[in-house]
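Going by the numbering used here, the sequence shown opens with residue 389, and the numbers climb by one from there. Here a beta-carbon is modelled for each residue, glycine too, at the ideal position from N, C-alpha and C. In this text, all values refer to a predicted model and were calculated from it rather than measured experimentally.
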Amino acid sequence: MMKKNIFKTVIVLFVALFGISLIGCNKTATYAELLDKERESISKFLKYGGIYTADMPGDVSQILESGNPNIVSNQVPFYKLQNDVAMQVVNKGNGRKIKEGDRVYFRFLRVDLNAWSDAPYQINMFDLNNGGVGNWYYKENYDFYFDYVEDYSVVTSQYYTYGLGIEYPLAHIYDGARVYLVVPSKVGFSESVSSVVPYLYLIEYNITKN
C-alpha cells in the first residue's frame, strides 16, 4: 500500500511540474510582442519630460544643437531619420564632411530603453551608477570603427557588427560630432537584433584614431 501511495505521489508531482513548465513556456513573449514592447519603449522615451521629435531640416545650418552631452535635452528635438532612428545633436562637429568609404572611429555609451521604460528617469549618461555603458572611457578607440556606407537597408543592417543605425547621422553632421541616438533593434548592434532591444546611444564620431 505504501508503495502505491508513493507511486501516486510521484505521479502527482510529475504532472504538477509538467503543468508549471507549460505555463512558463506560455509566458515566453512572441516576436510580435517583443516588437510591441520595443515600440512602446521608444515612444515613451520620445515623450518623456518634454522630449519631442521633428523632421530633419533640409539644410544642415538649421539643425539645432543642445551643446550638453551630459543629459538628454528637452530644448532641441530628436530629428527623425530612416527606419525609426531618431537623433538629437549635441554638436555638429568640425565642418569636415564624412564621405562614403571613410573609416569612422566612435565612442559610445548606451542605455537599454526596454529596461528604462519599466521605471523611467532622467538619463545622465555619465552617472557611474545609473548611466550608460560602452567604450567611452577606453583610452583608445581603435577597436570600434566602421567603414561608412550610405546603404540604409534594414535587410543588410544585420550583416554589420554595429548595424547601420549609428551610421545614419553622418549624412547630416560632420567629423567630431556628438549625438544622442535612438536605435531600434532592426538597425542596431548585431546582438540587439534577435533580442529586440532598442537603445539610446550617446556617440562621438571621428575619422582619426585617438
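How about residue 427: is its C-beta nearer than 8 Å to some C-beta of chain B? Included in the structure is just one protein chain, with no chain B present.
Residue environment, residue 601, which counts as buried when at least 16 other CB atoms sit within 10 Å: Nothing about residue 601 can be read from this structure; the chain reaches only from 389 to 598.
CB-CB under 6 Å to residue 491, same chain, minus the five flanking residues each way: which ones, in chain order? The sequence position of residue 491 within the sequence shown is 103, counting from 1. 533, 535, listed in sequence order.
Cβ contact (3+ pairs, closer than 8 Å) linking the region 584-598 and the region 566-575: The region 584-598 vs the region 566-575: in contact.
Do you know whose CA, among 513, 521, 561, lies nearest residue 447's CA? Taking the first residue of the sequence shown as 1, we reach residue 447 at position 59. Comparing C-alpha distances from residue 447 to each of 513, 521, 561 shows the shortest one belongs to 561.
Using 10 angstroms around the beta-carbon of residue 395, count the other beta-carbons present and answer buried if the total reaches 16, otherwise exposed. One-based indexing of the sequence shown puts residue 395 at position 7. With a pLDDT of only 40 at residue 395, under 50, the local geometry of the prediction cannot be trusted, and the value read off the model is given with reservation. Counting Cβ neighbours within 10 Å, residue 395 comes out exposed, since fewer than 16 surround it.
Opening and closing residue of the alpha helix (DSSP H) in which residue 419 lies: One-based indexing of the sequence shown puts residue 419 at position 31. Element bounds for residue 419: 419-433.
Which value, in whole angstroms, describes the spacing of the CA atoms of residue 451 and residue 495? On the sequence shown, position 63 is the one that residue 451 refers to. On the sequence shown, position 107 is the one that residue 495 refers to. Rounded to the nearest angstrom, the two C-alpha atoms are 22 Å apart.
Can you give me the C-alpha to C-alpha distance between residue 505 and residue 467, rounded to a whole angstrom? Here residue 505 refers to the residue found at position 117 of the sequence shown. Here residue 467 refers to the residue found at position 79 of the sequence shown. When rounded, the distance between both Cα atoms is 21 Å.
At least 3 beta-carbon pairs within less than 8 Å: the region 534-553 vs the region 512-521: Contact between the region 534-553 and the region 512-521 is absent: fewer than 3 CB-CB pairs across the two stretches fall below 8 Å.
Nearest-angstrom beta carbon gap, residue 589 and residue 484 [assumed within contact, 8 Å]: One-based indexing of the sequence shown puts residue 484 at position 96. One-based indexing of the sequence shown puts residue 589 at position 201. The C-beta distance from residue 484 to residue 589 rounds to 22 Å, too long to fall under 8 Å, and the pair is not in contact.
Neighbourhood of residue 460 by C-beta, 7 Å cutoff - its chain only, sequence neighbours within 5 removed: What you label residue 460 is simply residue 72 of the sequence shown in a count that begins at 1. 439, 476, 511, 568, listed in sequence order.
Quick one: using the 10 Å Cβ neighbour count with 16 as the cut-off for buried, is residue 437 buried or exposed? Here the question's residue 437 lines up with position 49 in the sequence shown. Counting C-beta atoms within 10 angstroms of its own C-beta, residue 437 has fewer than 16 neighbours from the protein chains shown and is therefore classed as exposed.
Do residue 517 and residue 598 have their beta-carbon atoms positioned less than 8 Å apart in this structure? Counting from one through the sequence shown, the residue named residue 598 turns up at place 210. Counting from one through the sequence shown, the residue named residue 517 turns up at place 129. In this structure, residue 598 sits away from residue 517, with a CB-CB distance that is not shorter than 8 Å.
In three-state DSSP terms, what is residue 453? Counting from one through the sequence shown, the residue named residue 453 turns up at place 65. In the three-state scheme derived from DSSP, where H, G and I count as helix and E and B as strand, residue 453 is classed as strand.
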